[in-house]
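Student:
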Amino acid sequence: MMRSFAIASSGKRFVHRSFLMRGSAATVSPSFSICRRRAFSGKSHDYREILRNGLQDIKLDDAVGLFSVMVQSRPRPSIIEFSKLLSTIAKMKKFDVVISLGEQMQKLGISHNLYTYNILINCFCRRSQLSLALAVLGKMMKLGYEPSIVTLSSLLNGYCHLKRISEAVALVDQMVEMGYQPNTVTFTTLIHGLFLHNKASEAVALVDRMAVKGCQPNLVTYGAVVNGLCKRGDIDLALSLLKKMEKGKIEPDVVIYNTVIDGLCKYKHVDDALNLFTEIEIKGVRPNVVTYNSLISCLCNYGRWSDASRLLSDMIEKKINPDVVTFSALIDAFVKEGKLLEAEKLFDEMIQRSIAPDIVTYNSLINGFCMHHRLDEAKQMFEFMVSKDCFPDVVTYSTLIKGFCKCKRVDEGMELFREMSRKGLVGNTVTYNTLIQGLFQAGDCDMAQETFSQMDSFGVSPDLWTYNILLDGLCNNGRLEKALVVFECLQKSKLELDIFTYNIMIEGMCKAGKVEDGWGLFCSLRIKGVKPNVVTYTTMISGLCSKRLLQEADALLKKMKEDGPLPDSGTYNTLIRAHLRDGDKAASSELIREMRSCEFAGDASTIALVTNMLHDGRLDKSFLEMIS
DNA sequence: TTAGTATGAC
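Under our numbering, think of the first position of the first sequence as 641, with each following residue one higher.
1. Cβ atoms of S1228 and H1219: under 7 Å apart, would you say?
2. Distance, Cα to Cα, E1269 vs K731?
3. Just to confirm the assignment, what range does the alpha helix (DSSP H) spanning E1136 have?
4. What first and last residue would you give for the alpha helix (DSSP H) that runs through V975?
5. If you check the beta carbons only, do C1150 and G1160 fall under 7 Å apart?
6. Report buried or exposed for V1066, applying the criterion of at least 16 other Cβ atoms within 10 angstroms of its Cβ.
7. Just checking my contact of L986 with I999 at CB under 8 Å: how many whole Å lie between their CB atoms?
8. Which value, in whole angstroms, describes the spacing of the CA atoms of C675 and N898?
9. For S1262, name the three-state secondary structure that DSSP assigns.
10. According to DSSP, is H832 helix, strand or coil?
11. So, for W1105: in the same chain, excluding its five sequence neighbours on each side, which residues have a beta-carbon less than 6 Å away from its beta-carbon?
12. Please work out which residues of its chain come closer than 7 Å, Cβ to Cβ, to T1246, disregarding the five sequence neighbours upstream and downstream, and give them in chain order.
13. With K1028 as the anchor, note down where its alpha helix (DSSP H) starts and where it stops.
14. Return the first residue and the last residue of the alpha helix (DSSP H) that N933 is part of.
15. Taking the CB atoms as reference points, tell me whether I759 and S727 lie closer together than 7 Å.
16. Can the beta-carbon of N933 be found closer than 7 Å to that of T966?
17. Give the straight-line distance between the Cα atoms of P997 and A969, rounded to the nearest whole angstrom.
18. Taking 7 Å as the cut-off, decide whether the C-beta atoms of G616 and C1010 are in contact.
19. Would DSSP call C1185 helix, strand or coil?
20. Are F835 and G868 close, meaning C-beta to C-beta below 7 Å?
21. Taking only runs that begin and end inside the stretch 769–853, name each unbroken alpha helix (DSSP H) of 4 or more residues, in chain order.
22. Quick one, are the C-beta atoms of G1053 and G1083 less than 7 Å apart?
23. Quick check on S740: does DSSP put it in helix, strand or coil?
24. Verify whether the separation of the beta carbon atoms of Y799 and A808 is less than 7 Å.
25. Assuming the contact rule is C-beta atoms closer than 8 Å, L795 and I739 should be a hit. Round their C-beta distance to whole Å, please.
26. At which residues does the alpha helix (DSSP H) containing D1112 begin and terminate?
27. Does DSSP put G903 in a helix, in a strand, or in coil?
28. Would you kindly work out how many angstroms separate the C-alpha atoms of V894 and C1163, rounded to a whole number?
29. Does the structure place the stretch 1137–1156 close enough to the stretch 1182–1202 that three or more beta carbon pairs sit under 8 Å?
30. In whole angstroms, what is the alpha-carbon distance linking R944 and E919?
31. Give every residue of the same chain whose Cβ lies closer than 7 Å to the Cβ of L1259, excluding the five residues on either side of it in the sequence, and list them in chain order.
32. Nearest CA to the CA of S1237: which residue from F764, D848, D1208, V865?
33. Alpha carbon to alpha carbon, how far is I1109 from N1116? Give it in angstroms, no decimals.
34. Please report the straight-line C-alpha distance between H752 and E886, rounded to a whole angstrom.
35. What is the C-beta distance between D963 and V929, in whole angstroms, given that I count them as a contact (C-beta under 8 Å)?
36. With the cut-off set at 7 Å, would you say T1178 and N1143 are in Cβ contact?
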């Protein structure tokens, strides 16, 4: 049997060694003595009472303290009592602590049993330390313990965590061969693994196969599938599964409905989400705060304020209390609308209601201050959150860095970046994008490029935005040649370039006087299957104008009106200025009339040009009236 | 006493 498990673990033999290589006792011990004294100062058998009364609300420190009392008690507590404690700590997701305590038991000569071995295997698997889990399995089997379906399901989870899905599937097959009956937990674990590997259709198919294999899917199974589907946007499929559940006499609960409602919200079917919300209420499923939070934040994102506030009063009326997520969503929405004052009022209100703001709340507010260039207050908020033991994360820092860069204080942005790294926080793509953009805008091309290359060495992968920022920065700082080299590489890479990239390059070429190259790239878009947008046309028109190729520019406007995007104010203004400079009053006034009929007006630089030309007599007053 | 899922906000 052991051999077959060894095969399942990609042919590797078990490594027989102590299942704990590095003791993490150090992470556990500091609270030891304090806890013991605080919680267990009474008789030495007090631990029995604690175990009897249940461990559900115990704190980690106290649980660890309890352990040290237990190992010192004589006679020794039973292994069942130890397993209850380990299980409690495992449920807190403190897997390293469980492993450490397990090792201490070993050292003290307390033998494990099937249950404690299973707990340890589970902990190693949850920490993606599959080889150590397999080592425990080997040891356990050597001692004569047969793995149970629980042991095997834990290992299955280990394979899934490591995305070793084919081995996970093979393990299930092996289990069946060996006479184990996979249960809902086994299948749910595998379904989760399939989603991790983007095999949604196989996951859905597995639900049907389960029944054939004599295992009816339950609410948890459906929950896993519906969640996986909604996260990828397969909402229709998720909805059909809900129907299937009802047919199979499994009543969907509010959590599963929340998943679908949120999926509908995220994938832009807000009204369908609202309909489903009404539907479940009719069915008698009571919505909870999560249901409302999904809908409210989604409505806010769409600017549907009255709908959002209607839902907010609805929830309060139904005595479903808004929580930190509700407030954070509202605060963020106000911040993004530029209504910082409202956001601050909500912040005060949540404090009055004794709802503790968390990192998301603070990040939104900091963003609000940054957006209004109120950097001092942003920093104050930053310090305030730290004073409340809410520690800034990479989003907090990225937000602040962006704020400083936008205010042309890129040095301070860099300093924040260094501070963040010192604290062990790793910048993500957004952080780097912000910094690189800031550096380019400050004209520090070298530092920007250096920061870009740093990304790779820190294992942060650049995205399309990064490249667009890089290309734009190089072009705007007179380094078209370098930009072209990067652009060439990009075109050969797997990355699918979007119109923004092409716009940047066309603009870069035109501004560097290489209008013909820009035109070449513009014409190549059709073959590439990339649709030019209004910016592409306007950039190209502007390029043609800069070479005084006005006929060609006019022709491009015509082409745009025939089969392109609608010209906007920028398109017209660009052409109008070109014709004015060219001294062609007739063409200019014709264009101005056309622009006005589209309800656009002259922009600042057109008005400035007209005013100048008015002063030196090249134009008369009627032009200024016409344009403004 | 042991295994899976776990909905919402930056």
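Cβ atoms here follow ideal geometry from the backbone N, Cα and C, with glycine treated the same way.
Note that the coordinates shown come from a computational prediction; the quantities given were computed from them, not determined experimentally.
Tutor: This is what the structure holds:
1. Stepping through the first sequence from its first residue, residue 1219 is reached at position 579. Stepping through the first sequence from its first residue, residue 1228 is reached at position 588. Contact: yes.
2. As shown, the chain starts at 641 and ends at 1268. That puts residue 1269 outside it, with no answer to give.
3. Numbered from 1 along the first sequence, position 496 holds the residue referred to as residue 1136. Per DSSP, E1136 belongs to no alpha helix (DSSP H) and is neither H nor E.
4. As a first step, residue 975 must be located in the first sequence, where it is residue number 335. It spans 964–976 - the alpha helix (DSSP H) in which V975 sits, taken as one unbroken run.
5. For the purposes of this step, residue 1150 is identified with residue 510 of the first sequence, where counting begins at 1. For the purposes of this step, residue 1160 is identified with residue 520 of the first sequence, where counting begins at 1. The answer is no: Cβ separation not under 7 Å.
6. Within the first sequence, residue 1066 is the residue found at index 426, counting from 1. That one is exposed.
7. Translated into positions along the first sequence, residue 986 becomes position 346. Translated into positions along the first sequence, residue 999 becomes position 359. Wrong, their Cβ atoms sit about 17 Å apart, outside the cutoff.
8. Here residue 675 refers to the residue found at position 35 of the first sequence. Here residue 898 refers to the residue found at position 258 of the first sequence. Since pLDDT at C675 reaches only 36, below the 50 mark, its modelled position is unreliable, and no value is offered.
9. Within the first sequence, the letter at position 622 stands for residue 1262. Helix, per DSSP.
10. As a first step, residue 832 must be located in the first sequence, where it is residue number 192. It is helical.
11. In the first sequence, counting from the first residue as 1, residue 1105 sits at position 465. Correct list, in chain order: N1073.
12. Residue mapping note: residue 1246 aligns to position 606 of the first sequence, counting from 1. Counting only Cβ-Cβ distances below 7 Å, and skipping sequence neighbours, we find N1213, I1216, R1217, I1267.
13. Counting from one through the first sequence, the residue named residue 1028 turns up at place 388. Unbroken run through K1028: none, as it is neither H nor E.
14. Numbered from 1 along the first sequence, position 293 holds the residue referred to as residue 933. First-last of the alpha helix (DSSP H) with N933: 929–941.
15. What you label residue 759 is simply residue 119 of the first sequence in a count that begins at 1. What you label residue 727 is simply residue 87 of the first sequence in a count that begins at 1. Yes; because the gap between Cβ atoms is below 7 Å, this pair is in contact.
16. Looking up residue 933 in the first sequence gives position 293. Looking up residue 966 in the first sequence gives position 326. Yes.
17. As a working note, residue 997 is residue 357 in the first sequence. As a working note, residue 969 is residue 329 in the first sequence. Roughly 12 Å separates the two Cα atoms.
18. Beyond the ends of the chain as shown, which are 641 and 1268, falls residue 616; an answer cannot be given.
19. To locate residue 1185, count along the first sequence from 1; it is residue 545. C1185 falls in the helix class under three-state DSSP.
20. What you label residue 835 is simply residue 195 of the first sequence in a count that begins at 1. What you label residue 868 is simply residue 228 of the first sequence in a count that begins at 1. Closer than 7 Å, so yes.
21. 770–782, 789–801, 805–817, 824–836, 840–852
22. As a working mapping, residue 1053 is identified with position 413 in the first sequence. As a working mapping, residue 1083 is identified with position 443 in the first sequence. No.
23. Your numbering for residue 740 matches position 100 in the first sequence. Helix at S740.
24. For the purposes of this step, residue 799 is identified with residue 159 of the first sequence, where counting begins at 1. For the purposes of this step, residue 808 is identified with residue 168 of the first sequence, where counting begins at 1. A contact, by the Cβ cut-off of 7 Å.
25. As a first step, residue 795 must be located in the first sequence, where it is residue number 155. As a first step, residue 739 must be located in the first sequence, where it is residue number 99. Contact flag wrong, Cβ pair sits at about 16 Å.
26. In the first sequence, the residue the question calls residue 1112 occupies position 472. Looking at the DSSP string, the run of the alpha helix (DSSP H) that includes D1112 is 1104–1116.
27. By 1-based counting over the first sequence, the position of residue 903 is 263. Residue state, collapsed to three classes: helix.
28. Within the first sequence, residue 894 is the residue found at index 254, counting from 1. Within the first sequence, residue 1163 is the residue found at index 523, counting from 1. Near 54 Å, if we compare the C-alpha coordinates of C1163 and V894.
29. yes
30. Position 304 of the first sequence, counted from the start, is the residue given in the question as residue 944. Position 279 of the first sequence, counted from the start, is the residue given in the question as residue 919. Computed Cα separation, rounded: 21 Å.
31. Here the question's residue 1259 lines up with position 619 in the first sequence. Only V1250, M1253 meet the Cβ criterion.
32. Against the first sequence, residue 1237 aligns to sequence position 597. Closest option to S1237, Cα to Cα, is D1208.
33. Position 476 of the first sequence, counting from 1, holds the residue named residue 1116. Position 469 of the first sequence, counting from 1, holds the residue named residue 1109. Roughly 10 Å between the two C-alpha positions.
34. The sequence position of residue 752 within the first sequence is 112, counting from 1. The sequence position of residue 886 within the first sequence is 246, counting from 1. Answer to the nearest angstrom: the Cα atoms are 44 Å apart.
35. The sequence position of residue 963 within the first sequence is 323, counting from 1. The sequence position of residue 929 within the first sequence is 289, counting from 1. Between V929 and D963 the Cβ distance is about 5 Å, and since that is below 8 Å, they are a contact.
36. The sequence position of residue 1178 within the first sequence is 538, counting from 1. The sequence position of residue 1143 within the first sequence is 503, counting from 1. No; because the gap between Cβ atoms is not below 7 Å, this pair is not in contact.
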